[in-house]
Structures are given as C-alpha cells and as structure tokens.
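Counting from 1 along the sequence shown, just add 21 to a position and that's the residue number in my numbering. Working notes for the structure below.
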Amino acid sequence: MSRQALHDGWTLRAAPGAQVPAAIAGQAVPATVPGCVHTDLLDAGLIPDPYLDDNELSLAWIGRTDWHYRTTFRRPPGDHDRVDLVCAGLDTVASISVNGVEVGRTENMHRGHRFDVSSLLRDGDNDLAVAFDSAYRYAEAQRDRLGDRPNAYPEPFQFVRKMACNFGWDWGPTLVTAGIWQDIGLHAWSTARLATVRPLVTLAGRDGRVDVHVEVERVAAVPLTVRATVADAHAEVVVPAGQRMAVLSLTVREPALWWPRGYGEQARHLLEVTLHAPDGETLDGWSRRVGFRSVRLDTTPDEHGTPFVLSVNDVPVVVRGVNWIPDDVFPTRITRDRLAGRFDQAIGANVNLLRVWGGGRYESEDFYDLADERGLLVQQDFLFACAAYPEEEPFASEVAAEAAEQVTRLTPHPSLVLWTGNNENIWGWHDWDWQEPLAGRTWGRGYYLDVLPRIVGELDPTRPYWPGSPWSGTETIHPNDPAHGTTHIWDVWNTDDYQKYREYVPRFVAEFGYQAPPAYATLRRALSDEPLASDSPGMAHHQKAADGDAKLQRGLDAHLPAPADFDDWHYLTQLNQARAIQLGVEHFRSHRDVCAGTIVWQLNDCWPVTSWSAVDGDGRRKPLWYALRHAYADRLLTVQPRDGGLALVAVNETGQPWRSSASVTRLTLDGEPRAKTTNELDVPAYSAVTLALPADLTRPEDARRELLVAEAGETAERALWFFAEDRDIDWPAAAWDATVEPVDGGQRVRVTARTILRDLTLFPDRLDASATVDSALVTLLPDESTTFTVRAAATLDPAALTARPVLRCVNDIEQTQTPQGARPGLTLVESGDGALWRGR
Numbered sequence: 022m023s024r025q026a027l028h029d030g031w032t033l034r035a036a037p038g039a040q041v042p043a044a045i046a047g048q049a050v051p052a053t054v055p056g057c058v059h060t061d062l063l064d065a066g067l068i069p070d071p072y073l074d075d076n077e078l079s080l081a082w083i084g085r086t087d088w089h090y091r092t093t094f095r096r097p098p099g100d101h102d103r104v105d106l107v108c109a110g111l112d113t114v115a116s117i118s119v120n121g122v123e124v125g126r127t128e129n130m131h132r133g134h135r136f137d138v139s140s141l142l143r144d145g146d147n148d149l150a151v152a153f154d155s156a157y158r159y160a161e162a163q164r165d166r167l168g169d170r171p172n173a174y175p176e177p178f179q180f181v182r183k184m185a186c187n188f189g190w191d192w193g194p195t196l197v198t199a200g201i202w203q204d205i206g207l208h209a210w211s212t213a214r215l216a217t218v219r220p221l222v223t224l225a226g227r228d229g230r231v232d233v234h235v236e237v238e239r240v241a242a243v244p245l246t247v248r249a250t251v252a253d254a255h256a257e258v259v260v261p262a263g264q265r266m267a268v269l270s271l272t273v274r275e276p277a278l279w280w281p282r283g284y285g286e287q288a289r290h291l292l293e294v295t296l297h298a299p300d301g302e303t304l305d306g307w308s309r310r311v312g313f314r315s316v317r318l319d320t321t322p323d324e325h326g327t328p329f330v331l332s333v334n335d336v337p338v339v340v341r342g343v344n345w346i347p348d349d350v351f352p353t354r355i356t357r358d359r360l361a362g363r364f365d366q367a368i369g370a371n372v373n374l375l376r377v378w379g380g381g382r383y384e385s386e387d388f389y390d391l392a393d394e395r396g397l398l399v400q401q402d403f404l405f406a407c408a409a410y411p412e413e414e415p416f417a418s419e420v421a422a423e424a425a426e427q428v429t430r431l432t433p434h435p436s437l438v439l440w441t442g443n444n445e446n447i448w449g450w451h452d453w454d455w456q457e458p459l460a461g462r463t464w465g466r467g468y469y470l471d472v473l474p475r476i477v478g479e480l481d482p483t484r485p486y487w488p489g490s491p492w493s494g495t496e497t498i499h500p501n502d503p504a505h506g507t508t509h510i511w512d513v514w515n516t517d518d519y520q521k522y523r524e525y526v527p528r529f530v531a532e533f534g535y536q537a538p539p540a541y542a543t544l545r546r547a548l549s550d551e552p553l554a555s556d557s558p559g560m561a562h563h564q565k566a567a568d569g570d571a572k573l574q575r576g577l578d579a580h581l582p583a584p585a586d587f588d589d590w591h592y593l594t595q596l597n598q599a600r601a602i603q604l605g606v607e608h609f610r611s612h613r614d615v616c617a618g619t620i621v622w623q624l625n626d627c628w629p630v631t632s633w634s635a636v637d638g639d640g641r642r643k644p645l646w647y648a649l650r651h652a653y654a655d656r657l658l659t660v661q662p663r664d665g666g667l668a669l670v671a672v673n674e675t676g677q678p679w680r681s682s683a684s685v686t687r688l689t690l691d692g693e694p695r696a697k698t699t700n701e702l703d704v705p706a707y708s709a710v711t712l713a714l715p716a717d718l719t720r721p722e723d724a725r726r727e728l729l730v731a732e733a734g735e736t737a738e739r740a741l742w743f744f745a746e747d748r749d750i751d752w753p754a755a756a757w758d759a760t761v762e763p764v765d766g767g768q769r770v771r772v773t774a775r776t777i778l779r780d781l782t783l784f785p786d787r788l789d790a791s792a793t794v795d796s797a798l799v800t801l802l803p804d805e806s807t808t809f810t811v812r813a814a815a816t817l818d819p820a821a822l823t824a825r826p827v828l829r830c831v832n833d834i835e836q837t838q839t840p841q842g843a844r845p846g847l848t849l850v851e852s853g854d855g856a857l858w859r860g861r
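Here's what the structure looks like:
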C-alpha cells in the first residue's frame with residue numbers, strides 16, 4: 022500500500038469568456054494545491070486583495086467563470102490491485118479527467134470522492150485535469166429547474182452544496198470560490214483497505230467502551246482480520262470472504278476521562294486499527310486519539326417549559342459559548358497555528374463551547390483535535406442556513422452522503438457534543454414570509470426532522486441531535502419560543518435597545534449579538550479612506566448588515582454621549598457592543614436555574630468588517646473580548662434588577678464552594694460613600710445565590726451622580742451599577758496621572774485616577790499594529806489605580822500611549838479637543854527609567 026500526494030506542478034487557466042480580464046485570459050497561472058482560484062490569482066499578482074477597500078466588487082467575475090486545473094504525475098511504483106485517485110475536497114462542481122478520460126464528476130464541496138484509475142495509468146507522465154464549472158451557473162440552473170425558494174440574501178446559495186457564506190453574508194464578502202481546496206492524491210492498494218472506521222465511545226459505569234465499526238473495501242475474496250487496541254484493551258475479528266462489515270468491542274477498566282475545560286482533565290487514548298491479509302500481512306491502518314466521556318441532552322419538561330441542558334459525564338455544564346464562522350473566506354489560509362491562536366482567545370475569554378455555524382463548513386481535523394486537546398466543547402451544525410433548501414435530487418442524495426461522511430469522520434472527537442440540523446431555517450419557515458412563495462415546494466423539513474436524525478441515530482447514537490437552531494423541541498410550539506429549547510434573540514440588535522435582554526429568561530440562548538467596528542489598525546490596513554469616517558466609502562463597504570450604521574447610531578443615542586469625531590465614534594461603538602453583550606450575558610447567567618447556556622454571536626471574523634465579533638478579521642481583540650472575559654468568569658458578581666429593586670447575584674461555575682464576604686456600597690462619583698451593606702457569600706459549586714439589596718442602597722439621592730460598587734475581595738471582579746445612562750450622568754472632566762515604564766517585551770502603563778474614569782481603555786494598536794494590551798474597560802474611582810501591560814514590536818512613545826485617542830474613557834468625550842500633534846490632556850512631570858504624565 023502507498024499514498025502519493027498530488028500537490029505539485031499544478032497550473033490554472035480561466036475558461037474563455039467576455040468577463041475574464043485580458044491580463045488573465047489564456048494565461049497559465051501557477052496553482053497551489055490545496056488552494057483556490059482567488060489565492061492563486063492573488064499570489065500571481067493578477068488581482069488586488071479582495072479584503073481591501075471595495076476590491077471585492079471588481080472580482081465578482083471569478084465566481085461566474087469556469088476554471089481548469091492541470092498537472093502531471095508518475096504512477097506509483099510497484100504492483101497493486103488498485104490505484105485510486107482520492108479527492109478529499111473539490112470546490113465545487115467539478116469534472117475530473119486522467120489522461121483525457123473523465124473519471125467522475127462532483128457537485129458537493131462538503132464531501133470527498135474516490136475514483137478507480139488503475140486502468141488509465143501509463144508509464145511516464147500521466148495527465149490529471151480538474152475542470153470547475155461556475156458555482157453560480159450551476160446553482161442558478163438548479164433554481165430554474167426546481168423553482169426558486171426564499172432565503173435571507175439575493176443569492177442562490179441553497180442550490181449548491183457549497184459554503185453558503187461564499188455568496189456573501191451580513192458580515193462577509195461575496196467571493197464565490199473554486200478550486201482543489203483539500204488534499205488530492207493516489208492511493209495504491211491490494212487485496213483490501215479500510216474504507217471507514219467509526220469508533221463509538223461510551224461509558225458503562227466507571228468503565229470505558231469502544232465499539233469500532235469497520236467497513237472494508239476488497240478486491241480479493243479472502244478472509245481478513247481486523248485488530249484494534251486502545252489503552253490496555255485489545256480485540257480481533259475475522260471478516261469472512263464476501264463480507265465488508267465488522268464490529269470490534271473493547272472495554273477499558275476505569276480509564277481517565279475526558280472533561281470539558283474547567284471540569285477536569287482532557288485525557289485521550291490512542292486507538293489503533295489494523296487490517297491484515299490471511300498471511301498476516303498488514304494491509305492498512307488507522308489511528309486516532311479518543312476520549313472516554315458521556316454526553317446527554319436533558320429536555321424533560323419542567324415548570325418553566327422545556328430545558329436544554331448538556332451534561333458531560335453526568336455533570337450538567339452551563340454553556341458559556343461563542344458562535345464560530347469560517348476564519349477566512351479562503352480555508353487553506355487557516356493553519357493549525359492560526360486556529361490554536363483563536364482557540365486560545367476563546368479560552369482567554371472563559372468560553373467553554375464553540376458552535377460551528379451552519380452557513381460555513383465542517384471544520385478541519387486540526388479544529389476538532391485542538392478542541393479535544395483544550396477541552397472546548399463543539400456544537401456542529403449541519404450545513405444549512407437562513408434559506409429554504411430543495412429536497413429533490415441531486416440534493417437529497419448529496420445531503421445524505423455528506424452527512425454520513427461527516428458524522429463518521431467526527432465520531433472519534435470527544436469535544437463534539439451536539440449535532441444541529443440547521444441554522445434558523447425552521448424559524449424562517451414560520452416567521453419570514455416563506456410559506457406563500459414556496460407554494461408547497463420542499464424547504465428542508467425532511468432533512469432536519471427525518472434524514473439527518475436518522476443518519477446520526479444510525480451512525481453515532483452516542484451524541485444528541487437537535488433539529489435546528491433555534492428549535493423548541495416540537496412542531497407544536499413556535500421554534501423560537503424562549504421557554505422551550507434553544508432561542509435566538511435578534512430583536513435587540515434589529516429593533517430594540519439592549520436592555521430588552523432583561524425581558525427574556527430563556528432556557529438556552531444560541532445566538533444574540535451586537536455590532537462594532539474592528540480595531541483601528543485593522544481598519545487602517547484594509548481601508549485607504551482619507552479621512553476615515555463612520556460613513557466614508559471603505560467603512561460603508563465593510564458594513565454588510567442591513568441599516569447597520571443606523572442601528573449602531575440608535576444604540577449610541579440611547580446610552581452614550583454624542584461623539585465629536587471618528588475617534589470618539591470608534592471608541593463608543595466598540596464600548597456599546599461590549600456593554601450590550603455584557604449586560605445580556607450577566608442577566609442570563611444570573612438566571613442560572615432556568616437558563617442553561619448562552620452562545621454569543623460571534624467569536625471571529627473572516628475579513629476586516631464591522632460585525633458582531635469579539636475578535637476582528639485581523640485577529641485583534643475588540644473591547645467585547647474583555648467584556649466577555651469578565652461576564653463569562655468562573656465566578657461572577659453582578660447587580661441585577663429584581664422585583665422592583667436590585668439584587669446582588671453571585672454565580673459559581675467551579676467545583677468548589679465560593680465563600681467570601683461581599684460588600685455593596687452606594688457612592689457618589691467623587692467616591693464619597695452614602696450607604697453600605699455586607700453579606701457573607703456561601704455559593705455551592707455549580708450554582709448561584711441571589712441577595713436582595715436594601716432600599717437605602719437602591720434609591721440614590723442623585724441618580725446622575727451616584728453608583729453602586731459590589732466587591733468580594735480577590736475572589737471575583739467587582740460589579741458596578743449606575744443609576745443613569747452615561748449620556749445623562751453628570752461626569753466630571755477626566756483627570757489622571759500616568760506612568761509608563763519598560764518591562765520585558767513591552768511597557769507597563771499605570772493610571773491613577775484623580776476623578777472617576779469610566780471604562781478606561783487603551784488602544785495601543787493605534788501606535789503600532791503589532792501592539793496588544795492585557796486589559797480594557799476598567800472603571801476607576803478617584804485615587805484608584807490600574808495597570809495595563811502593552812506588548813509591541815517596538816517601544817511606544819509614552820506621551821502618545823497615555824493620551825487621546827489611545828487612552829480613552831467615557832468622561833473624556835466632551836472635553837475640548839487638543840490640536841493635532843499636541844499631547845492632549847497630559848503634562849510631563851518627571852522622567853527616569855519610565856515617564857510620568859499627568860492628566861489636566
């Protein structure tokens with residue numbers, strides 16, 4: 022047996038067409054495989070970067086063009102019964118030819134294909150060609166044949182099994198790709214091979230069990246032996262001549278278990294499977310690391326409705342999640358290191374679950390392996406999003422084959438705990454005016470309620486399946502009823518103020534979000550606008566949401582002072598995003614006995630764009646990331662409205678009791694105390710405690726000049742409650758002292774407040790695109806101090822580092838702006854190893 026990658030020597034040509042630019046027409050372009058047309062043309066310098074300015078618009082022709090890949094290869098040495106051409110992923114409508122003979126056609130980006138090419142190979146050079154038809158033309162032809170169906174965007178993405186967001190989304194560009202996007206190669210073998218290995222890992226009491234389902238493909242009618250080992254367990258089975266299927270059962274006594282992060286270790290065990298000929302020769306092998314754990318979804322009705330509680334190893338896990346979209350429009354640019362960095366950002370924000378959204382892709386092996394390694398739970402959508410999908414052929418067969426392949430592929434991964442049938446399609450059928458235009462045509466119901474649950478039930482009964490997100494658990498209840506199953510809350514962003522989150526006490530929130538622009542350095546890299554403004558051409562093009570800027574402005578008007586310039590607008594919109602999501606998360610977590618999880622929309626971006634992400638398209642953390650880190654903390658202290666008053670809620674998502682003295686003080690903005698209460702917290706593991714606050718704390722003498730501060734020592738971050746909106750508060754002009762001193766790899770900025778400083782945030786990327794900072798959104802009372810640690814490739818100017826627009830707080834908005842080039846609001850006091858600057 023041998024495997025030979027076919028990744029070298031490829032060229033790419035555009036099929037003739039009036040839309041093809043003259044500089045590209047007829048030209049053979051070197052092609053990287055795996056890769057895609059866009060990245061090859063970009064590498065050749067033939068197109069501009071589609072992520073910059075509005076270049077996306079000038080590249081629409083690529084998705085409407087046919088493309089031809091070609092290379093040559095030598096046949097594998099040695100004698101083999103079979104030589105297969107194995108295509109792990111072709112994007113999307115492709116015809117594959119070897120030495121001028123077509124060996125197959127594909128119409129699905131989300132599955133692999135294997136073709137027997139044994140009889141076509143010759144000595145010397147062999148020609149391999151892959152011709153891609155325009156995904157647009159294919160999808161539009163299917164739409165015309167089957168009848169149109171509604172969706173959320175004016176694109177035919179539901180008529181081709183391809184990454185839907187390639188056709189544009191309210192956070193993504195329209196860049197319709199084509200290419201050999203996953204491995205391609207030759208597999209030479211004799212007698213038999215392992216066609217699929219599907220390990221089902223369960224627990225039986227304290228023991229682990231692995232049922233290894235094996236399917237063999239054979240060219241010889243001989244008995245075969247399959248052997249499997251995991252930990253100290255071994256099993257062997259003979260597959261008689263003429264049979265293809267076998268099951269090996271292994272029991273491991275009291276194995277170390279796999280746990281989600283925060284609940285225990287992520288123990289994994291190597292599972293090895295080998296296939297042997299009658300003479301004992303090893304014909305094929307397969308290995309993966311598996312984790313022993315159980316997963317259960319509790320939806321037993323209770324007095325509040327229908328819960329949605331994930332339990333791992335019989336321990337209920339309150340989900341602190343984020344939605345995941347493809348991290349790049351061009352998947353081959355997403356390396357394992359890049360994924361690891363993004364996962365570290367998720368973990369740094371105290372996230373324990375990633376939901377892989379249904380408009381993207383089934384993620385790479387690296388993705389799930391990293392999730393296994395780091396203890397991040399994964400909810401995987403099947404790939405249907407925001408549209409009515411046809412159930413006729415060829416889609417019915419393609420969907421079934423795709424689902425079977427992906428369910429089988431992902432069975433070894435303990436991090437995968439839930440399959441979901443679709444994103445918002447059942448909700449769309451109910452509420453998005455689909456039924457009349459559908460006129461009885463199929464829309465996907467058969468997939469979500471029949472085909473997919475049957476495939477999951479047959480191939481992987483160890484994991485739960487949920488028909489949609491959102492979904493109430495039954496067709497007799499509205500799919501987005503907050504009291505039942507999972508819900509999406511989008512009225513807040515689309516029509517209502519973010520304080521409306523407090524009107525919901527849902528069972529599980531699978532999507533909710535609020536927009537903000539990306540980091541300043543990301544904008545400056547992507548946009549050439551001069552001057553940069555909230556409505557400048559590049560900013561407008563990189564805002565894909567319907568009425569997005571108006572919705573941002575509505576949020577600012579409701580809560581914050583009016584921005585005087587772009588710098589104010591940028592800071593305040595990022596702040597408002599952080600405020601909105603922090604309020605929502607803390608409110609939902611404060612109802613822990615009812616709400617079993619939140620999944621914020623969204624962690625990441627695929628390009629530089631104004632969106633709902635916590636980490637922007639260049640990988641920079643927005644203020645929202647820091648707010649999530651606080652709101653998703655293992656131990657959360659929060660002040661919440663309750664029964665006409667206020668309450669202190671302590672949420673403990675650790676395995677140990679939380680015992681601490683907690684104080685709540687009503688203060689003036691000048692830091693003068695007006696009232697105080699102290700309580701002894703005793704919060705059991707994995708629970709929450711609510712303490713009503715006395716009236717003298719909750720009734721300020723002057724709502725515009727007072728706040729509450731709740732503290733529990735070093736056991737949790739403190740909580741704040743302001744009695745008025747920032748726009749209405751009688752803020753003092755911000756004043757502070759700042760010192761800057763060098764530290765290993767960066768600089769330490771210490772800020773001491775002389776007045777209250779509301780949501781003090783440092784934006785060092787304005788000075789150096791490489792710069793990062795360890796904290797943000799810090800509110801200081803008079804005489805309090807905080808320290809920011811800045812890491813950058815070069816030493817940053819202390820004066821610029823501690824001045825507007827790099828160092829910001831809410832109550833500097835209305836101060837007189839300093840002329841460009843001056844040091845706004847700061848005076849040099851002394852210098853030495855560091856520098857001391859004083860705010861005016």
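Virtual Cβ for every residue (Gly too), placed ideally from N, Cα, C.
What did DSSP end up calling residue i once you bin it into helix, strand or coil?
| i | result |
| --- | --- |
| LYS521 | helix |
| PHE677 | The sequence given here places Gln at residue 677; Phe does not occur at that position. In this structure, GLN677 counts as coil in the three-state DSSP scheme. |
| THR53 | coil |
| VAL41 | coil |
| GLY133 | coil |
| THR863 | For the chain, the structure presents residues 22 to 861; residue 863 sits outside this window and is missing. |
| GLU693 | coil |
| PHE609 | helix |
| TYR410 | coil |
| PRO482 | coil |
| TYR90 | strand |
| PRO552 | coil |
| LEU62 | helix |
Return the chain-ordered list of same chain residues with a C-beta closer than 6 angstroms to the C-beta of residue i, the five sequence neighbours on each side being excluded.
| i | result |
| --- | --- |
| ALA160 | PRO177, PHE180, VAL181 |
| GLY312 | TRP279, ARG289, PRO435 |
| ASP518 | ALA579 |
| THR212 | ALA241, ALA298, LEU304 |
| ALA43 | none |
| GLN838 | Legend: pLDDT at GLN838 = 41, less than 50; position of this residue unreliable, value from coordinates given subsequently. Result list for GLN838: empty, nothing under 6 angstroms. |
Where DSSP assigns a beta bridge to residue i, which residues make up the other side?
| i | result |
| --- | --- |
| PHE188 | THR195 |
| GLN574 | Paired residues: none, contrary to the question. |
| ASP323 | GLY326 |
| LEU669 | VAL660, LEU712 |
| CYS627 | According to DSSP, CYS627 bridges with nothing at all. |
| PHE809 | VAL770 |
| HIS234 | ARG219, VAL268 |
Going by C-alpha to C-alpha distance, which of the options sits closest to residue i?
| i | options | result |
| --- | --- | --- |
| PHE533 | PRO539, ASP512, ARG164, LEU548 | ASP512 |
| HIS131 | LEU404, TRP450, ALA504, LEU73 | LEU404 |
| TRP307 | SER490, ASP393, ARG376, THR217 | THR217 |
| LEU215 | THR246, TRP190, ASP191, ARG720 | THR246 |
| ARG314 | VAL294, GLU257, ALA367, GLY396 | GLY396 |
| GLN40 | SER79, TRP31, THR659, THR60 | SER79 |
Only counting the same chain, and skipping five residues up and downstream in sequence, which positions put a Cβ closer than 7 angstroms to that of residue i?
| i | result |
| --- | --- |
| GLY125 | ILE117, HIS134, PHE136 |
| ASP637 | PRO539, ALA540, THR543, ASP626, PRO629, LYS643 |
For residue i, which residues from the same chain have a beta carbon less than 8 angstroms from its beta carbon, with the 5 sequence-adjacent residues on both sides left out?
| i | result |
| --- | --- |
| ASN444 | TRP378, GLY379, GLY380, ASP402, PHE405, ALA406, CYS407, GLY489, SER490 |
| GLY263 | ALA242 |
Three or more C-beta pairs closer than 8 angstroms, one from the segment 389 to 409 and one from the segment 673 to 683: is that the case here? No, the segment 389 to 409 is not in contact with the segment 673 to 683.
Under 8 angstroms: do the segment 813 to 822 and the segment 783 to 799 share three or more Cβ pairs, one atom per stretch? Yes: the two stretches touch, three or more of their Cβ pairs being nearer than 8 angstroms.
Under 8 angstroms, with one C-beta from each stretch per pair, do the segment 436 to 447 and the segment 484 to 502 reach the 3-pair mark? Under the three-pair Cβ rule at 8 angstroms, the segment 436 to 447 counts as touching the segment 484 to 502.
If we count Cβ pairs, one from each stretch, closer than 8 angstroms, do we get three or more for the segment 144 to 151 versus the segment 108 to 122? Result yes; three or more Cβ-Cβ pairs closer than 8 angstroms.
The segment 544 to 553 / the segment 605 to 621 touching (three or more Cβ pairs under 8 angstroms): No, the segment 544 to 553 does not touch the segment 605 to 621.
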